[in-house]
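A.B. asks: Have a look at the structure that comes next, please.
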Amino acid sequence: MRISDHRVSAYITAYQDLEALNTCLQAIQKQTSPVHQIIVVDNSSPSLSITTSTPGTLIWRYPQNIGIAGGLHHAIQWAVGQGYDFLWMFDQDSEPQPDCLEQLLQAYVQLANQYLIGMVAPTPIDPRTQIIVRPERFIHDRFQGFAPPDMTQPYECDAPITSGALLNLATVEHVSPPDPSLFMDGIDLDHGIRLKRKGFHNWVVPTASMLHHFGSPIQLEILGQKKVFQTYSALRYFYICRNHTWIELKHSRGIYKITCILRRIKFIFSSTFWILLLDPEQKLSKIAACIKGTYYGLANNLGKTF
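Structure representation (structure tokens):
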């Protein structure tokens, strides 16, 4: 099957940043392989003044903020109902290069001869730090980013980041869309590992490039080596700690459940150290968010929001 035979819908989560959203929209519109429909979920309050030159672009407004997971859940179900083959998923702070979709579809066509494909994803690079945002593997009790063995060939992972990933919608019959309760963060980890455990393969295509703003980096030089530390809002810290704790504990087995719990508690202490040392504002609120998030993750309580 040719790549032109596949129908692709794109999806963007928008939140209080019209400039970033417009940059993402323009990058999607410039693709060398056509996107047949764009869906924008605007979680902003007040709503953004969104304009687009692409006919038929759908703007879904949720001023109550249903999060990234809620938006994806609705968009995936809609795209399946409309008969699309793929949903190309984005955060607003991403900018795919013009041939990104074409390369993802080419990789899919080649790999689908041998594998059941869950997602194919580009290589995301943070333009502020030039750091590649790594895909992840689940090892015993945690997800770990890893470097690819070959930057010229597609390689497999458990979970690429959601933004930029091209989801094969045929998987929805076997693996449900992201849980809206996750709201934000860790959505890629949960969805990716569930796809893998149902027999689907997730791939990263190194030559498919995308700019992606990852967190709020602080760049330091320690003992002659450059280091990058990420800072987040208290809201983001809560969901990082709650969701990662819940996901990793759910997928750990045997003795690794204990090591998972100990490691998540250790993460509270390490986060507290770096927040106190580097974070310029709301230190106590952010530390409290880490503690509360971890507690609710350990308690298997995704109903508790920030």
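Each residue of the sequence shown is one higher than the one before, counting from 1 in our numbering.
In this text, a Cβ means the ideal position worked out from N, Cα and C, and glycines have one as well.
These numbers were taken from a predicted model, which means no experiment stands behind them.
Check whether the Cβ atoms of THR13 and ILE68 sit closer than 7 Å, and answer yes or no.
C.D. replies: Against the sequence shown, residue 13 aligns to sequence position 13. Against the sequence shown, residue 68 aligns to sequence position 68. The answer is yes: Cβ separation under 7 Å.
A.B. asks: Please report the residue range of the beta strand (DSSP E) in which GLN219 lies.
C.D. replies: Residue 219 sits at position 219 when you count from the first residue of the sequence shown. Its beta strand (DSSP E) spans residues 216-222.
A.B. asks: Just tell me which of ALA107, ILE247, GLN230 has its CA closest to the CA of PRO217.
C.D. replies: To locate residue 217, count along the sequence shown from 1; it is residue 217. The shortest C-alpha separation from PRO217 is found at GLN230.
A.B. asks: So, under 8 Å CB-CB, ILE132 and ASP158 are touching, yes? Tell me the CB distance rounded to an integer number of Å.
C.D. replies: Position 132 of the sequence shown, counted from the first residue, corresponds to residue 132. Position 158 of the sequence shown, counted from the first residue, corresponds to residue 158. That belief does not hold up - the Cβ atoms of ILE132 and ASP158 are roughly 17 Å apart, past 8 Å.
A.B. asks: Using a Cβ-Cβ cutoff of less than 7 Å, which residues in the same chain neighbour LEU276 once the five nearest sequence positions on both sides are dropped?
C.D. replies: Taking the first residue of the sequence shown as position 1, residue 276 is located at position 276. Closer than 7 Å at the Cβ level, and outside the excluded window around LEU276, lie LYS283.
A.B. asks: Is the distance from the Cβ of ILE39 to the Cβ of TYR11 below 7 Å?
C.D. replies: As a working note, residue 39 is residue 39 in the sequence shown. As a working note, residue 11 is residue 11 in the sequence shown. Yes, Cβ-Cβ distance for ILE39 and TYR11 is below 7 Å.
A.B. asks: Between the beta-carbon of PRO98 and the beta-carbon of THR32, is there less than 7 Å?
C.D. replies: Taking the sequence shown and counting its residues from 1, one reaches residue 98 at position 98. Taking the sequence shown and counting its residues from 1, one reaches residue 32 at position 32. It is a contact, given that the beta carbons lie within the stated cut-off.
A.B. asks: Ends of the alpha helix (DSSP H) at ASP188?
C.D. replies: As a working note, residue 188 is residue 188 in the sequence shown. Segment 187-197, the alpha helix (DSSP H) holding ASP188.
A.B. asks: For the beta strand (DSSP E) containing ASN243, name the first residue and the last one.
C.D. replies: For the purposes of this step, residue 243 is identified with residue 243 of the sequence shown, where counting begins at 1. First-last for ASN243: 234-251, but that is the alpha helix (DSSP H), not the beta strand (DSSP E).
A.B. asks: Give the secondary structure of GLN144 by DSSP, where H, G and I count as helix, E and B as strand, and everything else as coil.
C.D. replies: As a first step, residue 144 is located in the sequence shown; it is residue number 144 there, counting from the start. Strand.
A.B. asks: What residues are listed by DSSP as bridge partners for ASP150?
C.D. replies: Numbered from its first residue, the sequence shown carries residue 150 at position 150. ASP150 is not bridged to any residue.
A.B. asks: Quick one: using the 10 Å Cβ neighbour count with 16 as the cut-off for buried, is GLN130 buried or exposed?
C.D. replies: The residue you call residue 130 lines up with position 130 of the sequence shown. By the neighbour-count rule (16 or more Cβ atoms within 10 Å), GLN130 is not buried but exposed.
A.B. asks: Spatial neighbours of HIS73 within its chain, please: C-beta separation below 7 Å, excluding the five flanking residues on both sides.
C.D. replies: Translated into positions along the sequence shown, residue 73 becomes position 73. PRO177, PRO178, PRO180, listed in sequence order.
A.B. asks: Please report the straight-line C-alpha distance between LEU167 and SER94, rounded to a whole angstrom.
C.D. replies: Here the question's residue 167 lines up with position 167 in the sequence shown. Here the question's residue 94 lines up with position 94 in the sequence shown. Near 16 Å, if we compare the C-alpha coordinates of SER94 and LEU167.
A.B. asks: Classify GLU248 as buried or exposed, calling it buried when 16 or more other Cβ atoms lie within 10 Å of its own Cβ.
C.D. replies: Walking along the sequence shown from the start, residue 248 turns up at place 248. When all chains shown are included, GLU248 counts as buried.
A.B. asks: Beta strand (DSSP E) containing GLU136: first to last residue?
C.D. replies: Counting from 1 along the sequence shown, the entry for residue 136 is found at position 136. GLU136 -> beta strand (DSSP E) spans 136-139.
A.B. asks: How big is the Cα-Cα spacing for PRO34 and GLY56?
C.D. replies: To locate residue 34, count along the sequence shown from 1; it is residue 34. To locate residue 56, count along the sequence shown from 1; it is residue 56. The alpha-carbon atoms of PRO34 and GLY56 are separated by roughly 14 Å.
A.B. asks: If you reduce the DSSP assignment to three classes, tell me which class LYS226 lands in.
C.D. replies: For this step, residue 226 is matched to residue 226 along the sequence shown. Three-state DSSP puts LYS226 in a strand.
A.B. asks: Check the DSSP bridge columns for SER9 and list the partner residues they point to.
C.D. replies: Here residue 9 refers to the residue found at position 9 when the sequence shown is read from its first residue. Answer by DSSP bridge pairing, in chain order: GLN37, LEU87.
A.B. asks: Any idea what DSSP makes of SER209, helix, strand or coil?
C.D. replies: The count along the sequence shown starts at 1 and reaches residue 209 at position 209. SER209: strand per DSSP, three-state reduction.
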